[in-house]
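Asker: Protein chains in written order, with our numbering: chain A, 685 to 908; chain B, 90 to 471.
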């Protein structure tokens with residue numbers, strides 16, 4: 685996260701770190717087309733270097749990549765990852781109701797252990813970003829098409845933004861009553877540690893709520 | 090060795106890769122990186138000259154998006170060719186060795202394009218120091234672009250003027266080529282695409298009747314199946330007998346026969362939600378005989394509504410028109426682990442003895458709450 689700050693321990697109970705082999709934290713990411721056994725999901729974490737007592741790791745039972753995922757234009761950029769068993773330390777985030785979208789110019793949070801522009805952090809970073817309308821967002825990216833499966837957030841100067849290693853991580857907004865809802869998954873953007881301006885682009889979770897619920901239902905309750 | 094298991098002596102079979110039994114596992118592999126599928130060679134070997142250990146790593150590397158964007162600036166005619174000699178170096182099938190680009194090719198690319206990167210605050214990839222590559226004409230073979238080598242990659246569209254622009258810019262409504270040729274001939278048929286009736290949207294033929302609506306009026310998913318009277322269409326338009334619909338087992342290859350028939354909790358009166366199950370396109374009540382708390386837990390969990398907060402057995406409402414349809418708890422329901430509630434209920438010839446139906450209220454799982462950690466409440470904006 686560029687332009688963010690260290691988050692308090694336990695502040696984002698739904699955040700996880702996807703790790704593969706000796707390389708440790710790879711990202712909350714989704715280059716998950718590979719086989720499930722390559723990945724370990726680590727939860728209840730704040731400091732990658734000092735995991736603490738709440739750290740829990742799980743192997744992955746299955747990875748369901750969206751059948752329409754398109755790497756060339758980074759569309760339908762979402763996967764559902766089924767863990768091999770339940771965990772106690774994850775506080776679930778709310779999924780948006782169908783049609784529920786964050787309003788442009790409202791403020792939300794992104795979190796992750798990705799690149800900070802000058803180094804990779806150990807402690808979970810958080811950054812406050814502003815939701816940007818689709819039309820305004822398209823004006824930043826003439827190289828790509830902003831589709832309805834995408835959501836834009838950040839600032840024109842890219843002062844607070846997600847970066848390499850944050851992908852797949854959450855963009856959450858606070859609702860009435862203090863509930864936090866997952867509206868975005870870090871997906872792509874301009875090269876975040878360059879002077880290229882522009883916001884970050886996130887998978888628009890609202891577009892996929894029904895698909896997510898279907899995958900959870902199928903993989904939990906339907907006998908094969 | 091790069092992979093986790095080494096072919097013993099690089100031949101048949103494979104042994105666990107042990108640092109002590111170092112085998113020189115260098116081998117050639119076909120190029121699969123889409124960006125470099127139009128090179129004058131088709132075998133490569135890893136690690137490449139950017140430190141990537143596999144084509145998979147190259148695919149998601151930032152160089153594989155940096156170079157195609159840089160090619161659009163037209164800073165050097167053979168930049169894409171040079172980038173591919175770094176990303177997927179040529180592998181000589183006889184010696185199994187990598188063939189590097191010549192030093193002059195590296196120098197030309199760097200001299201003409203490094204300043205363009207500087208404008209946007211990026212550095213030239215530091216793995217590609219030109220002094221590591223041999224001079225052409227020396228005794229080490231090296232690569233130079235032959236006549237006719239393609240300046241654009243398969244991920245580009247070639248403008249009439251010869252420039253390369255990313256394929257995603259073709260017919261996107263913005264002229265990107267200096268001669269605007271990327272916005273010519275943008276009709277669907279001219280691009281071998283299918284035009285959505287009633288709109289200008291073009292989609293690939295493969296998207297028609299694939300279960301995902303793409304056209305504005307969803308017409309690409311209409312009239313895609315011809316099911317019999319006693320069949321219902323799956324989301325991917327296959328046909329499944331209606332008696333198999335919503336029975337808790339997947340029959341459609343995309344499982345859609347089990348999607349929208351979740352056990353519906355419908356609010357029927359003040360006391361809570363009468364449990365009704367949708368099966369073979371009809372609604373059933375659940376007889377309260379043999380109902381257990383475990384089934385209440387399963388029902389609320391299956392609906393994603395958390396845990397049951399109260400369960401009651403309501404007397405059937407007399408005088409409601411139409412015959413009551415009942416489902417009963419299957420005697421061996423507890424043996425069917427991992428399956429949905431529907432698969433644990435069954436129809437029986439007789440009605441419900443107690444004439445009582447199940448009603449329950451689920452307490453929605455707490456979601457989206459952040460603990461006030463560290464002893465101080467979540468900071469409120471002032």
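Note that the Cβ used here is the ideal one computed from N, Cα and C, for glycine as well.
Just so you know, these numbers come straight off a predicted model, no measurement behind them.
#1: Between the segment 793 to 810 of chain A and chain B, which residues of the former have a C-beta closer than 7 Å to a C-beta of the latter?
#2: Could you work out which residues of chain B lie near residue 863(A), taking near to mean beta carbons separated by less than 8 Å?
#3: Please decide whether residue 100(B) counts as near chain A, where near means a Cβ-Cβ distance under 9 Å.
#4: State buried or exposed for residue 208(B), treating a residue as buried only when at least 16 other CB atoms are found within 10 Å of its CB.
#5: Pairing CB atoms from the segment 854 to 866 of chain A with CB atoms from the segment 789 to 798 of chain A, are three or more of them under 8 Å?
#6: Are the CB atoms of residue 437(B) and residue 403(B) within a distance shorter than 9 Å?
#7: Considering only residues of the segment 182 to 248 of chain B, which uninterrupted beta strand (DSSP E) runs meet the minimum length of 3 residues and lie entirely inside it, listed in chain order?
#8: Among all the DSSP beta bridges, which residues are the ones paired with residue 760(A)?
#9: Do you know whose CA, among 282(B), 247(B) and 279(B), lies nearest residue 477(B)'s CA?
#10: For residue 453(B), which residues from the same chain have a beta carbon less than 7 Å from its beta carbon, with the 5 sequence-adjacent residues on both sides left out?
#11: Near residue 895(A), which residues of its chain fall below 6 Å by C-beta distance, leaving aside the five closest residues on each side in sequence?
#12: Taking only beta carbons into account, state which residues of the segment 236 to 269 of chain B come closer than 8 Å to chain A, listed in chain order.
#13: What residues in its chain sit with their C-beta under 6 Å from that of residue 173(B), if we drop five residues either side in the sequence?
#14: Of all the CB atoms in chain A, is at least one closer than 9 Å to the CB of residue 347(B)?
#15: Would you report the Cα separation of residue 690(A) and residue 872(A), rounded to the nearest angstrom?
#16: Is it a yes or a no for the segment 230 to 247 of chain B touching the segment 157 to 166 of chain B, going by three-plus beta-carbon pairs under 8 Å?
#17: Closer than 9 Å by beta-carbon distance: list the chain A residues that pair up with residue 151(B), in chain order.
#18: For residue 145(B) and residue 375(B), what's the separation of their Cα atoms in angstroms?
#19: For the alpha helix (DSSP H) that contains residue 778(A), what are its first and last residues?
#20: Does the distance between the C-beta of residue 842(A) and the nearest non-hydrogen atom of the ligand ATP fall short of 8 Å?
#21: Quick one: which unbroken beta strand (DSSP E) runs of 3-plus residues sit fully inside the segment 379 to 446 of chain B? Chain order, please.
#22: Strictly by DSSP, which residues pair up with residue 868(A)?
#23: By the 7 Å beta-carbon criterion, what residues does the segment 374 to 393 of chain B contribute toward chain A?
#24: Enumerate in chain order the residues of its own chain whose CB-to-CB distance from residue 810(A) is below 6 Å, with the five nearest sequence positions on each side excluded.
#25: Using a threshold of 9 Å, state whether the C-beta atoms of residue 821(A) and residue 885(A) are closer than that.
#26: Is it true that the CB of residue 847(A) sits closer than 9 Å to the CB of residue 801(A)?
#27: Check the C-beta distance from residue 191(B) over to residue 214(B) and give it rounded, since I have them as a contact under 8 Å.
#28: Count the other C-beta atoms from every protein chain shown that fall within 10 angstroms of the C-beta of residue 780(A), then say buried if there are 16 or more, exposed otherwise.
#29: For residue 121(B), report the span of its alpha helix (DSSP H) as first-last.
#30: List, in order along the chain, the chain B residues whose C-beta lies closer than 8 Å to that of residue 829(A)?
#31: Spatial neighbours of residue 903(A) within its chain, please: C-beta separation below 6 Å, excluding the five flanking residues on both sides.
#32: Counting only Cβ pairs nearer than 7 Å, list the residues of chain B close to residue 898(A).
#33: Nearest chain A C-beta to residue 356(B) closer than 9 Å, yes or no?
#34: According to DSSP, is residue 309(B) helix, strand or coil?
#35: Going by the beta-carbon positions, is the gap between residue 906(A) and residue 347(B) smaller than 9 Å?
#36: Under 7 Å, CB to CB, which of the residues in the segment 769 to 796 of chain A have a partner in chain B?
Answerer: Checking against the coordinates, here is how it stands:
#1: none
#2: As a first step, residue 863(A) must be located in the first chain, where it is residue number 179. Residues of chain B passing the Cβ test: 456, 457 and 458.
#3: The residue you call residue 100(B) lines up with position 11 of the second chain. Bear in mind that a pLDDT of 42 at residue 100(B), under 50, signals an unreliable position, so the model cannot answer this.
#4: Position 119 of the second chain holds residue 208(B). Answer is exposed; the Cβ neighbour count stays below 16.
#5: yes
#6: To locate residue 403(B), count along the second chain from 1; it is residue 314. To locate residue 437(B), count along the second chain from 1; it is residue 348. Against a cut-off of 9 Å, the Cβ pair of residue 437(B) and residue 403(B) comes out as no contact.
#7: 245 to 247
#8: Against the first chain, residue 760(A) aligns to sequence position 76. BP columns for residue 760(A) are empty, so no partner.
#9: This structure cannot speak to residue 477(B), because chain B is shown only from 90 to 471.
#10: Locating residue 453(B) in the second chain gives position 364, counting from the first residue. Excluding sequence neighbours, residue 453(B) sits near 394 and 395.
#11: Here the question's residue 895(A) lines up with position 211 in the first chain. Excluding residues within five positions, none has a Cβ falling inside 6 Å.
#12: 244, 255, 256, 257, 258, 261, 263 and 265
#13: Taking the first residue of the second chain as position 1, residue 173(B) is located at position 84. Excluding sequence neighbours, residue 173(B) sits near 125 and 128.
#14: Taking the first residue of the second chain as 1, we reach residue 347(B) at position 258. Closer than 9 Å: yes.
#15: Position 6 of the first chain, counted from the start, is the residue given in the question as residue 690(A). Position 188 of the first chain, counted from the start, is the residue given in the question as residue 872(A). Each residue's Cα considered, the two are about 22 Å apart.
#16: yes
#17: On the second chain, position 62 is the one that residue 151(B) refers to. Within chain A, the residues near residue 151(B) are 848 and 875.
#18: Counted from its first residue, the second chain places residue 145(B) at position 56. Counted from its first residue, the second chain places residue 375(B) at position 286. Answer to the nearest angstrom: the Cα atoms are 52 Å apart.
#19: For the purposes of this step, residue 778(A) is taken as the residue at position 94 of the first chain. Per DSSP, residue 778(A) belongs to no alpha helix (DSSP H) and is neither H nor E.
#20: Among the components of this structure there are no ligands whatsoever, and the ligand ATP is therefore not found.
#21: 396 to 404 and 415 to 418
#22: For the purposes of this step, residue 868(A) is taken as the residue at position 184 of the first chain. Beta-bridge pairing links residue 868(A) to 855(A) and 888(A).
#23: 391 and 393
#24: Locating residue 810(A) in the first chain gives position 126, counting from the first residue. Here the set comprises 688, 691, 793 and 795.
#25: For the purposes of this step, residue 821(A) is taken as the residue at position 137 of the first chain. For the purposes of this step, residue 885(A) is taken as the residue at position 201 of the first chain. Yes, Cβ-Cβ distance for residue 821(A) and residue 885(A) is below 9 Å.
#26: In the first chain, counting from the first residue as 1, residue 801(A) sits at position 117. In the first chain, counting from the first residue as 1, residue 847(A) sits at position 163. Going by C-beta atoms, residue 801(A) is nearer than 9 Å to residue 847(A).
#27: Indexing the second chain from 1 puts residue 191(B) at position 102. Indexing the second chain from 1 puts residue 214(B) at position 125. Contact flag wrong, Cβ pair sits at about 18 Å.
#28: As a position in the first chain, residue 780(A) is number 96, starting the count at 1. Result: buried.
#29: Within the second chain, residue 121(B) is the residue found at index 32, counting from 1. Run containing residue 121(B): none; DSSP gives neither H nor E here.
#30: Walking along the first chain from the start, residue 829(A) turns up at place 145. Within 8 Å Cβ-Cβ: 257 and 261.
#31: Here residue 903(A) refers to the residue found at position 219 of the first chain. Here the set comprises 766.
#32: Within the first chain, residue 898(A) is the residue found at index 214, counting from 1. Ordered by position in chain B, the residues that pass the 7 Å Cβ test against residue 898(A) are 348.
#33: As a first step, residue 356(B) must be located in the second chain, where it is residue number 267. Low local confidence applies: a pLDDT of 45 at residue 356(B) is under 50, so the model's placement there is unreliable, and no value is given.
#34: As a first step, residue 309(B) is located in the second chain; it is residue number 220 there, counting from the start. Here residue 309(B) sits in helix by DSSP.
#35: Position 222 of the first chain holds residue 906(A). Position 258 of the second chain holds residue 347(B). Yes, these two residues count as a Cβ contact at 9 Å.
#36: 775, 776, 777 and 778
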